[in-house]
Every structure is written in structure tokens, then in C-alpha cells.
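Numbering (my numbering), first residue to last: 47 to 296.
Below is one structure, written out as C-alpha cells; comments come after it.
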């Protein structure tokens, strides 16, 4: 499937239910890794703008690069009031931004969709050898997460794409992308979800069934049942770390 259309029809669930990123991690980027209010940042694979928003609110000029029309429309709707925000139709290999137009490139929860070689070339073109930060929310792998994965595996339509997003596969791709020259910042960032948020988060996955598909109701029922078995006082708390790999590419 074309990566540009994988999340078509998913934007509302993504915007409503996907978690943001730890404010403490943003503090680290701005205190230790050259981010500043004067930074010009290309946030590539920006989705609905969850990471872009945190950068814009620090005063940085942010170009949110997103190939999917639905996702970019949500991003624009949420952030267009900021004079330092720009939504750009582009992708990791061809952002559409001029050469040398930014100081920093970021990508949050999207790197596994990229051709890392083409993305590296684009980062060098954009920054002339500047900073790149790859950011992920990284959930646990046991307990409720193992059960979520088992349900998702029964229903998902993109098994090949899912393999690319496995933790070990991402780690190898990041290591190769930076040629081993990076530092890691990590912040514990638990996620608390009520039933609807829990379900919509799972539905926002590229491989989850869409409403109207034959397996949609079964997927929702299984996820609601899973939530009910783990919920305490109407919510579940999910183990999660917010992690940034930061380096310079040449």
C-alpha cells in the first residue's frame, strides 16, 4: 500500500486518541540539543501535528511536512492560528522545502515509514549537515500490550508494514541512519486512557479495520473486552517511554 494513503480515514481517531509527547523530553531538546525559539524546524511525517504543536509553542518556526491529505488537514486546522507554523504537502524523500531552509529536522512516530537513505539525503539538503531528532513513544511489550498486539495481529491488514514498525527493526534503522553517531534522551511518560480513547487509539493504527469493513465490529468488541479486564476506576495506565535519538547527518 502507498504510505501516502495508509492513514486516510484514520485522522480523526489519530488526533483524538494518540498520545502527545513528554514535555520533559521537549525541555531536554531545547536545553541540550540546540533547539531554540529561533530554530527553523522541518517536522517530517507530522501527521495531525502532535509533535509540531510542542515545537510551535516554544516559539520555533515549524514546517509540518505530511503527505496524507486527511492528516495534514487536521494539522492545519489545529495549528494554523500560530504565525510560526506552516503545513507542507511533502514526504520524507521530497519535503518540497528549499535547500538550506531549516536548522533542524524532526520526525515523531513516523521514521519506520521512511526510506532511510532518501530521508538522510533530504535532511542533508535541508540543513546542510544539521541536527536530526527521531522521536518515538515506546510502549511496553508485556502485559496488556501483549494482548493488544495479539488482537491487532488477528485483524490487521498490513502485516508487512507492521513488521517494519517492530522495536528491533526501528532500532537497527536508526543506528544505520545516524551511522552510530547519536545520543539518546528518554523520559518515562505513562499514558492514561479511558475506554473510548483506548479503542480509538487502536483504531488509529494503519492496519486496524475501518468502519464498514466486515471485521470492524469484532475488532472493537475484542478491544473493549480487553479494556474491561484491565481497567481500574474507568481507565488503564499504559507503560510508555518518550525517546529521542539526536544526531547530525552529513
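C-beta: ideal position from N, C-alpha, C; glycine also.
Report the rounded CA-to-CA distance for residue i versus residue j, giving the unit in angstroms.
i: residue 125; j: residue 99; result: 7 Å
i: residue 75; j: residue 106; result: 12 Å
i: residue 259; j: residue 266; result: 12 Å
i: residue 22; j: residue 129; result: Given that the chain is displayed from residue 47 to residue 296, the structure contains no residue 22 and the question cannot be resolved.
i: residue 159; j: residue 55; result: 18 Å
i: residue 231; j: residue 120; result: 29 Å
i: residue 174; j: residue 233; result: 29 Å
i: residue 147; j: residue 138; result: 15 Å
i: residue 256; j: residue 191; result: 21 Å
i: residue 200; j: residue 86; result: 43 Å
Comparing C-alpha positions only, which one of the options sits nearest to residue i?
i: residue 96; options: 122, 81 and 74; result: 122
i: residue 218; options: 157, 59 and 284; result: 157
i: residue 118; options: 134, 67, 130 and 108; result: 134
i: residue 70; options: 150, 238 and 78; result: 78
i: residue 114; options: 104, 94, 269 and 240; result: 94
i: residue 212; options: 187, 229 and 226; result: 187
i: residue 171; options: 275, 191 and 145; result: 145
i: residue 294; options: 272, 216, 241 and 229; result: 229
i: residue 193; options: 240, 274, 142 and 243; result: 274
i: residue 83; options: 271, 101 and 92; result: 101
i: residue 142; options: 111, 222, 127 and 154; result: 111
For residue i, write down the residues that DSSP places opposite it in a beta bridge.
i: residue 234; result: 287
i: residue 150; result: 87 and 177
i: residue 134; result: 111
i: residue 282; result: 239
Spell out whether any CB of chain B is found under 8 Å from the CB atom of residue i.
i: residue 75; result: The question asks about chain B, but that chain is absent: this structure has only one protein chain.
Tell me whether the beta-carbon of residue i lies closer than 8 Å to the beta-carbon of residue j.
i: residue 90; j: residue 151; result: yes
i: residue 178; j: residue 289; result: no
i: residue 64; j: residue 250; result: yes
i: residue 73; j: residue 184; result: no
i: residue 189; j: residue 240; result: no
How far does the alpha helix (DSSP H) with residue i in it extend, from its first residue to its last?
i: residue 140; result: Careful: residue 140 lies outside any alpha helix (DSSP H) and carries neither H nor E.
i: residue 108; result: Looking at the DSSP string, residue 108 is not in any alpha helix (DSSP H); the run it does join, the beta strand (DSSP E), is 107-111.
i: residue 98; result: 96-102
i: residue 275; result: 262-276
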